[in-house]
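See structure below.
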Amino acid sequence: MREFFRRIYYLLNRRRLERELANDIQVHREMMGEESKKDFGNALRVQEQAREAWGWSWLDHLFQDVRYGFRMLRKNPGFTTVAIAALALGIGANTALFSVVYGVLLKPLPYAQGQDLVVLHQEFSKGNKQNIFFSVKEINDYRQQSKALAEVEEYHQMGFILLDGQEPMQVRTGVVSAHFFDLLGLKPYVGRFFYDSDDKPDADPVLVLSYNYWMTHYGGDRGIIGRHFRMNDKVHTVIGVLPPIPQYPRENDVYMPTVACPYRSSPMMIESRDDHMMRLFGRLKPGTSVQAGVTDVSSIASRLGQTYPESYPAARGFTAGMDQLQQQLTQQVRPMLWILLTTAGMVLLIACANVANLTLARTMRREQELAVRAAMGANRGRLVRQLLTESTLLSLAGGALGLVLASTCLDLLVKFVSRFTTRAAEVSISTPVLIFTLVVSILTGLAFGSVPAFFQRLDLIHSLKEGSSSSVKANRNTVRNVLVMGQVAMSFFVLIVAGLMVRSFIKLQQVKAGYNAENVLTADIPLNFSKYKGDKEIRIFFDRLEQRLQGAPGVQAVAVTAPPLSPGYKPGNQPFVIEGKPVLDKASRPVADTTIASPDAFGLLGIPLLRGRLFTRSDTEKNPVVVINRSLERRYFPNEDPIGKRISGDDGKHWATIIGIAGDVRQYGLAQEPVETVYVPFALDAMMSSILVKTSDDPLNHVRQLREAVYAIDPEQPTTNMKTLSELRGDSMAQTRLTSILLLLFGGLALAIAATGLAGVTALLVSQRTREIGIRLALGAQRTNVLNLFVLQAMKVIAVGLATGIVVALLGSRLIQTLLFSTPPTDPLTFLGVALTFVAVALVASYIPARRVTKVSPLIALRSE
522 MREFFRRIYY LLNRRRLERE LANDIQVHRE MMGEESKKDF GNALRVQEQA
572 REAWGWSWLD HLFQDVRYGF RMLRKNPGFT TVAIAALALG IGANTALFSV
622 VYGVLLKPLP YAQGQDLVVL HQEFSKGNKQ NIFFSVKEIN DYRQQSKALA
672 EVEEYHQMGF ILLDGQEPMQ VRTGVVSAHF FDLLGLKPYV GRFFYDSDDK
722 PDADPVLVLS YNYWMTHYGG DRGIIGRHFR MNDKVHTVIG VLPPIPQYPR
772 ENDVYMPTVA CPYRSSPMMI ESRDDHMMRL FGRLKPGTSV QAGVTDVSSI
822 ASRLGQTYPE SYPAARGFTA GMDQLQQQLT QQVRPMLWIL LTTAGMVLLI
872 ACANVANLTL ARTMRREQEL AVRAAMGANR GRLVRQLLTE STLLSLAGGA
922 LGLVLASTCL DLLVKFVSRF TTRAAEVSIS TPVLIFTLVV SILTGLAFGS
972 VPAFFQRLDL IHSLKEGSSS SVKANRNTVR NVLVMGQVAM SFFVLIVAGL
1022 MVRSFIKLQQ VKAGYNAENV LTADIPLNFS KYKGDKEIRI FFDRLEQRLQ
1072 GAPGVQAVAV TAPPLSPGYK PGNQPFVIEG KPVLDKASRP VADTTIASPD
1122 AFGLLGIPLL RGRLFTRSDT EKNPVVVINR SLERRYFPNE DPIGKRISGD
1172 DGKHWATIIG IAGDVRQYGL AQEPVETVYV PFALDAMMSS ILVKTSDDPL
1222 NHVRQLREAV YAIDPEQPTT NMKTLSELRG DSMAQTRLTS ILLLLFGGLA
1272 LAIAATGLAG VTALLVSQRT REIGIRLALG AQRTNVLNLF VLQAMKVIAV
1322 GLATGIVVAL LGSRLIQTLL FSTPPTDPLT FLGVALTFVA VALVASYIPA
1372 RRVTKVSPLI ALRSE
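Taken in order, the sequence shown gives residues 522 to 1386; the numbers are from our numbering.
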């Protein structure tokens, strides 16, 4: 430690100590006399030895290399600018994507011991029903029987109408058990969380606000604690605010205990084993693995199947399992993020190869300088270190600029990722991201700097004497060609991935969804269930609303039904039976999705009637009828006419007659095949909250009109999610569209970098062979023939790179197969289109610098050496 601090003391006082040493040497030599000065030796050498003894010589050398590197980079502003720009784009893209990957996938959950938090799930493996929610009785079973879980808490989401003296608003409400936030290990940002007493039947209704809702609607007012809000028919008191954390599975505005939810606390829900509404969260006991937890809940599911065979038929294969909460939070976005990060990494490799080529060409022009330094005593390691220092300075500058670029585009990436996970809010330029950028910058500098550093001739003094030999040039040309081939191969792969995604997106756009989305406004009208308690009240409200809108200017039709491609809806699997076709057991009953539709819904959406008739106003509960779609007819009535046949959704207690066959609609996704659907008249089942309005002009012009019509009927009723059907269709393709755009940007960047690399190699080749060109022209060669010679040579390099890239793309494109729609990963049109694009760009990139051949004067060329 004494030696360490002594060296630190020297670094802090080196100028004074060196001056004192120089004075001491001067005084000593004067005292020795003229005869003894030769015995003293070289004073500079003595000072050098003193510096090595006092400090760290390697640090001195590093400072020297850095200062010299800065001077050399300033002397070549063109090279420095191009290199830093290329590296900034590559490093910036990787920094931006890594910040997303870290914030979403790698960063620990902001919960206490987040690795022990799990999400339970159930399924009927033989009934094609996955991720079944839990009933109240099942929740109690898992709480009482689990040996692997220390805590088990429930959650479900509902919509409530909140009235606080302002405009009525529907709030997304998380309904949770009392210790749900304790399970997560959270502390309230303001106030408190739920107590056991808050979840008792006679407790006063209370609310916990989410942080975002509190900040957005109440400006972070801490006086919110104790305020009273009316939600539906009950007055709730605000008792706390959540900290800013990601919520799962969805973002909620407020939270309430289970007893405050009229459905969850109803006697029917409490006593039923088959009403599955809640999600189940758990915390593993210390030292318990996820696999042990899976085994535990699987054994509970097995016991439940044996104890209650009527609820869990053996033929349907009832099982249960669990996943870590962190995996569930990111499962939708994980593959896409890794693909994007891998693509950005390849762009950085392409940039490295490009800058390595530029650096190699620049090093050739510095051969004489390096040879002089070698002649003065610099060994090969010293020269290599100098070159690596310069390349690292370049990459650090590129990394700093890339960090600025990453921070500017981070908001766009966050908005993109927020569509798929609630962890998007955690994305930022954090310390791990800064460390990543620094490490990538240093490794990048060493990577591209090692090429010119280690391909220099060892005998630089001989190189200075002989000039640039042809063998050295040939060797370096080979290295540059290999680098260009690598750029072409990687660029081709990136463009193939982008091309496949674009092809997939185009095919998705061309899908015929089975309905007409032009000029249709959709809206959700979540009626207050404490006020509109039955089908009759709901039907009266929507009948009045239809009457008000149908006479309004610009409105052509109004219907009540589920909007196609709406993100709030998922396909159902409602079992039913067909009259005259008995089934052996419940597990083998046919299933279908059920969609409620008013009589005008089919005409408004342009859904074709294939046979039979559609609903009319005269279809009521006294005459139950349904319409089925083409897919259901194909599957369950393959060789017969279903018109006039009857089906039942309650095991024959009530029957409905099939009166028509409608065309298929891709209700739940353009990439999904139409599901078997039974359309039920709105007059028969009024449990629907969405309305569609067909207009003669822009539907968004009628938003205010629709809201005012709702308020005229009920001033406490909000209208939400007002969008056009065209917007819903566009939103359904958002992931494919945005991913395609990002990959296209990376592909275009990779192509541009590869093209500049090829142009640089061709230009250097022309400059190296100026004398040869002069001889050829002097001997009568045509300029076009010489031009073609250089272009052909460049195209040979491109051909080898393309061949390598095709092999890589054939193997690697399968990694994105799950993201593609109706597009094979080896799509020949994509491969052909990308290859032709590359050839065209390569021709231009090689032709422009090779054109200098046509301007070479034979006389000047022969004098050039």
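Ideal Cβ positions, reconstructed from N, Cα and C, are used throughout, including at glycine.
N- and C-terminal bounds of the alpha helix (DSSP H) containing residue i
i, result
"phenylalanine 645", "First-last for phenylalanine 645: 638-645, but that is the beta strand (DSSP E), not the alpha helix (DSSP H)."
"methionine 736", "732-739"
"phenylalanine 1352", "1349-1371"
"asparagine 1309", "1304-1333"
"methionine 790", "788-792"
"serine 1169", "Counting along the chain, serine 1169 falls outside any alpha helix (DSSP H), though it belongs to the beta strand (DSSP E) covering 1167-1169."
"glutamine 719", "Inspection of the sequence shows that residue 719 is occupied by aspartate rather than by glutamine. Per DSSP, aspartate 719 belongs to no alpha helix (DSSP H) and is neither H nor E."
"arginine 1155", "1151-1157"
Length of the line joining the Cα atoms of residue i and residue j
i, j, result
"lysine 755", "valine 854", "39 Å"
"histidine 749", "aspartate 717", "21 Å"
"phenylalanine 1026", "methionine 1254", "8 Å"
"alanine 936", "valine 621", "As written in the sequence, residue 936 is lysine, which differs from the alanine given in the question. The straight-line gap from Cα to Cα measures roughly 11 Å."
"glutamate 1237", "alanine 841", "43 Å"
"leucine 909", "arginine 1297", "39 Å"
"phenylalanine 1452", "valine 1079", "It is not possible to answer for residue 1452, since the shown part of the chain is limited to 522 through 1386."
"tryptophan 859", "lysine 1166", "52 Å"
"proline 629", "glutamine 812", "20 Å"
"valine 960", "isoleucine 605", "16 Å"
"alanine 1356", "alanine 1366", "15 Å"
"tyrosine 776", "alanine 1177", "40 Å"
"phenylalanine 1097", "proline 1047", "28 Å"
"phenylalanine 957", "alanine 1324", "34 Å"
"glycine 1133", "glutamine 1095", "23 Å"
"asparagine 1306", "valine 1282", "19 Å"
"glutamate 675", "leucine 1246", "35 Å"
"valine 938", "alanine 927", "15 Å"
"serine 951", "methionine 1011", "30 Å"
"asparagine 875", "valine 948", "31 Å"
"alanine 1284", "valine 905", "26 Å"
"phenylalanine 1123", "arginine 1156", "22 Å"
"glycine 1173", "glycine 1093", "20 Å"
Residue i CB to nearest heavy atom of the ligand FMN below 7 Å
i, result
"proline 765", "Absence of the ligand FMN is noted for the structure shown, with no ligands found whatsoever."
Residue burial classification, residue i (beta-carbon count within 10 angstroms, cutoff 16)
i, result
"glycine 1089", "exposed"
"alanine 671", "exposed"
"phenylalanine 715", "buried"
"valine 548", "exposed"
"valine 925", "exposed"
"leucine 981", "In this predicted model, leucine 981 has a pLDDT of only 48, less than 50, meaning its place in the structure is not dependable; the value taken from the coordinates is given anyway. Buried is the call here."
"serine 991", "In this prediction, serine 991 scores a pLDDT of 45, lower than 50, which makes its location untrustworthy; the coordinate-derived value is nonetheless stated afterwards. Looking at its Cβ environment, which holds fewer than 16 other Cβ atoms inside 10 Å, serine 991 is exposed."
"leucine 1286", "buried"
"aspartate 1388", "Given that the chain is displayed from residue 522 to residue 1386, the structure contains no residue 1388 and the question cannot be resolved."
Limits of the unbroken beta strand (DSSP E) element including residue i
i, result
"leucine 683", "670-684"
"glycine 635", "That residue, glycine 635, is in no beta strand (DSSP E); it is neither H nor E in DSSP."
"lysine 755", "755-762"
"leucine 1048", "Counting along the chain, leucine 1048 falls outside any beta strand (DSSP E), and DSSP gives it neither H nor E."
"threonine 694", "690-697"
"isoleucine 605", "Here isoleucine 605 belongs to no beta strand (DSSP E); instead the alpha helix (DSSP H) covers 598-622."
"glutamine 651", "650-653"
"asparagine 661", "Asparagine 661 -> not in any beta strand (DSSP E); alpha helix (DSSP H) instead, spanning 657-666."
If you scan the region 1053-1132 from start to end, which runs of the alpha helix (DSSP H) of 4 or more residues do you find wholly inside it?
Correct list: 1056-1071 and 1122-1126.
Say whether the region 852-871 touches the region 1001-1015, bearing in mind that this needs 3 or more beta-carbon pairs closer than 8 Å, one atom from each stretch.
With the rule of 3 Cβ pairs closer than 8 Å, the region 852-871 counts as touching the region 1001-1015.
How do the region 1026-1034 and the region 1251-1260 stand: do at least 3 beta-carbon pairs fall below 8 Å, yes or no?
Touching, yes.
Could you say if the region 719-727 and the region 757-772 meet the contact criterion of at least three C-beta pairs nearer than 8 Å?
Flag = yes, the region 719-727 and the region 757-772 touch.
Any contact of the region 1149-1166 with the region 1187-1199, i.e. 3+ C-beta pairs under 8 Å?
In the pairwise beta carbon analysis, the region 1149-1166 is classified as touching the region 1187-1199: at least three pairs are separated by under 8 Å.
Segments assigned alpha helix (DSSP H), at least 4 residues, entirely inside the region 1171-1236
Qualifying alpha helix (DSSP H) stretches, in chain order: 1224-1234.
Report the residue ranges of all beta strand (DSSP E) runs contained in full by the region 763-822; include only those spanning at least 3 residues, in chain order.
Entirely contained in the region 763-822, the beta strand (DSSP E) runs reaching 3 residues are, in chain order, 775-778 and 800-805.
Counting Cβ pairs, one atom from each stretch, are 3 or more of them under 8 Å apart for the region 1265-1277 and the region 1057-1064?
Segments in contact, no.
Within the chosen definition, does the region 636-651 reach the region 964-972 through at least 3 CB pairs nearer than 8 Å?
Flag = no, the region 636-651 and the region 964-972 do not touch.
For the region 681-690 against the region 794-810, do three or more pairs of beta-carbon atoms, one drawn from each stretch, fall closer than 8 Å, so that the two count as touching?
Counting C-beta pairs closer than 8 Å gives fewer than three between the region 681-690 and the region 794-810, which falls short of the contact rule.
Segments of 4+ residues assigned as alpha helix (DSSP H) that fall wholly inside the region 1010-1035
Those alpha helix (DSSP H) runs which fall completely within the region 1010-1035 and span 4+ residues do not exist here.
If we count Cβ pairs, one from each stretch, closer than 8 Å, do we get three or more for the region 651-669 versus the region 787-805?
With the cut-off at 8 Å, the region 651-669 and the region 787-805 touch.
Do the region 689-705 and the region 772-791 meet, that is, are 3 or more Cβ pairs less than 8 Å apart?
As far as the Cβ criterion goes, the region 689-705 touches the region 772-791, which means the pair count is three or higher.
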